Amino acid sequence: MTKKAKITYASPDDPLIKSIMIQAIELLSGKRRLEKLYNGLLGEHEGKPSFWGAALDSLQIKMDYDARQLAKVPRTGPVVFIANHPFGVVDGIIICHLTILAREDFQILINSSLCRAEHLTPYFLPIDFNETEEAVHVNINSKKRAIDILRDQGTIVIFPAGGIATSESPFGRATDLEWKTFAAKLIQTTQATVVPIYFHGQNSRIFQIASQFSLTLRLSLIVREVNKQIGSTIRITIGDPIPYRELSDIKKKKELTRHLRRITYELGAQSEKKGRFQNRRGWDLSY
Numbered sequence: 009m010t011k012k013a014k015i016t017y018a019s020p021d022d023p024l025i026k027s028i029m030i031q032a033i034e035l036l037s038g039k040r041r042l043e044k045l046y047n048g049l050l051g052e053h054e055g056k057p058s059f060w061g062a063a064l065d066s067l068q069i070k071m072d073y074d075a076r077q078l079a080k081v082p083r084t085g086p087v088v089f090i091a092n093h094p095f096g097v098v099d100g101i102i103i104c105h106l107t108i109l110a111r112e113d114f115q116i117l118i119n120s121s122l123c124r125a126e127h128l129t130p131y132f133l134p135i136d137f138n139e140t141e142e143a144v145h146v147n148i149n150s151k152k153r154a155i156d157i158l159r160d161q162g163t164i165v166i167f168p169a170g171g172i173a174t175s176e177s178p179f180g181r182a183t184d185l186e187w188k189t190f191a192a193k194l195i196q197t198t199q200a201t202v203v204p205i206y207f208h209g210q211n212s213r214i215f216q217i218a219s220q221f222s223l224t225l226r227l228s229l230i231v232r233e234v235n236k237q238i239g240s241t242i243r244i245t246i247g248d249p250i251p252y253r254e255l256s257d258i259k260k261k262k263e264l265t266r267h268l269r270r271i272t273y274e275l276g277a278q279s280e281k282k283g284r285f286q287n288r289r290g291w292d293l294s295y
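First residue of the sequence shown: 9, per this note's numbering; consecutive thereafter.
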């Protein structure tokens, strides 16, 4: 009998009080509902590429994107998918689903606290944000593995910000944290094609306010954000694939990182200007 999976952003290494607080708020935010949906997917979709699409169906989440853009993704050669990170979970599920549609197989660099789902570990390259020797070892191995995958003509998915988009002030518009340079290193080392993706929207105002004051509270509210998105439509803009030859003149990782971030955010700005999306639900800032 398969052991039921648990959903929590509490880490085994967290102090007891922090762990209790996170799990208590998650319970109040509807964690059991998500765990029921999640465990319902196991069995039929466990360890299979169909899991990601089935997860979106289970959450009744629809996607609004141009399938013609996804069809442009090359079927062979190393490819790196990059994206902004406004939601934390739903955008992760969506980008995995889109990648499967385009490339059939991939691995995603992901917060190690989310890697406890054993049936999904073939897709995960954990990044541990703890300041321990073990974390350093985990991160080195994941980064080496990512390079090896691309050298084998594979696919890597990465949110270069490494964290969920946050507003600079309690009532401002959320934007990504400063992008880390590792995506640029991957691309330069393996001469990979880049597929930029922009997710329209942001987490709720309560999440933005909480993020100004407490990392613990911020983590506790991620489950609430997922529940709020059940039944919603997520708008996505997929950019044209960028072959490495168009990036090869940019030698510095920081410069390439800034360039890729600018391209990604311009996808969102351009689609808004063209009025391609009529559904504004993604910018719902309600409590």
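Built from N, CA and C at the ideal position, the CB exists for glycine as well. Since the structure is predicted, the reported quantities are computational estimates derived from the model, not experimental observations.
I'd like to check one pair, Ile118 with Phe132: are the Cβ atoms closer than 7 angstroms?
It is a contact, given that the beta carbons lie within the stated cut-off.
Compute the Euclidean distance between the alpha carbons of Asp257 and Thr265, then round it to the nearest angstrom.
Straight-line Cα distance between these residues: approximately 13 angstroms.
Assign Ile28 to one of three DSSP states: helix, strand, or coil.
Helix.
Could you tell me the alpha carbon to alpha carbon distance between Thr16 and Ile33, rounded to whole angstroms?
Thr16 and Ile33: Cα-Cα distance of roughly 10 angstroms.
With DSSP run on the structure shown, which of helix, strand or coil describes Asp292?
Here the model assigns Asp292 a pLDDT of 32, short of 50, so the residue's position is not dependable, and the following value carries that caveat. Correct three-state label for Asp292: coil.
Is the distance from the Cβ of Ala110 to the Cβ of Leu158 below 7 angstroms?
No; because the gap between Cβ atoms is not below 7 angstroms, this pair is not in contact.
According to DSSP, what are the bridge partners of Asp72?
Per DSSP, Arg243.
Which residues mark the beginning and the end of the beta strand (DSSP E) in which Thr129 is found?
Here Thr129 belongs to no beta strand (DSSP E), and DSSP marks it neither H nor E.
Going along the chain, which residues of its own chain have a beta-carbon closer than 6 angstroms to the beta-carbon of Gly38, five neighbours each way excluded?
The residues are Asn235.
According to DSSP, Ile135 sits in a beta bridge with which residue or residues?
In DSSP, Ile135 forms a bridge with Asn119.
Pairing CB atoms from the segment 207-225 with CB atoms from the segment 90-109, are three or more of them under 8 angstroms?
A contact exists between the segment 207-225 and the segment 90-109.
May I ask you to report which of helix, strand or coil DSSP gives Thr183?
Note: Thr183 maps to strand in three-state DSSP.
So does the segment 188-198 actually touch the segment 136-156, counting three or more Cβ pairs closer than 8 angstroms?
Because the criterion of three Cβ pairs below 8 angstroms is met, the segment 188-198 and the segment 136-156 touch.
Can you list the alpha helix (DSSP H) stretches of 4 or more residues lying completely in the segment 137-182, in chain order?
The segment 137-182 contains these whole alpha helix (DSSP H) runs: 141-159.
Which same chain residues, not among the five before or five after Phe114, have their C-beta less than 6 angstroms away from its C-beta?
Within the same chain, Phe114 has close Cβ partners Thr107, Thr163 and Val165.
Identify, in the order they occur along the chain, each residue of the same chain with its Cβ nearer than 8 angstroms to the Cβ of Gly247, setting aside the five sequence neighbours on each side.
Result list for Gly247: Gln77, Val203, Pro204, Ile205, Tyr206, Ile271, Thr272 and Leu275, in chain order.
Let me check understanding here. Comparing Cα to Cα, which of Leu268, Gln237 and Asn47 lies closest to Val88?
When only C-alpha atoms are compared, the closest one is Leu268.
Quick one: residues in its chain with C-beta nearer than 6 angstroms to the C-beta of Leu185, no 5 flanking neighbours on either side, listed in chain order?
Hits under 6 angstroms: Ala169 and Gly171.
Using DSSP's beta-bridge definition, name the partner residues of Tyr206.
In DSSP, Tyr206 forms a bridge with Thr245.
Just how far apart, CA to CA, sit Arg83 and Ala75?
The alpha-carbon atoms of Arg83 and Ala75 are separated by roughly 15 angstroms.
Give me whichever residues DSSP pairs with Thr201 in a beta bridge.
Beta-bridge pairing links Thr201 to Val87.
Work out the CA separation of Ile103 and Ser297 for me, nearest whole Å.
Lying outside 9 to 295, the shown extent of the chain, residue 297 is not represented and no answer is given.
Which of the three DSSP states is assigned to Ile250 in this structure?
Of the three classes helix, strand and coil, the one that applies to Ile250 here is strand, per DSSP.
Alpha carbons only, please: which of Tyr252, Ser177 and Ala173 is nearest the one belonging to Phe221?
When only C-alpha atoms are compared, the closest one is Ser177.
Indicate the three-state DSSP secondary structure (helix, strand or coil) for Glu43 in the structure shown.
In this structure, Glu43 counts as helix in the three-state DSSP scheme.
Helix, strand or coil for His267? Go by DSSP, reduced to three states.
Note: His267 maps to helix in three-state DSSP.
Could you spell out the range, first to last residue, of the alpha helix (DSSP H) harbouring Lys236?
That run of the alpha helix (DSSP H) goes Ile230 to Lys236.
In three-state terms, what does DSSP make of Asp21?
Coil.
Following the continuous alpha helix (DSSP H) through Ile217, name the residue where it begins and the one where it ends.
Residues Arg213 to Phe221.
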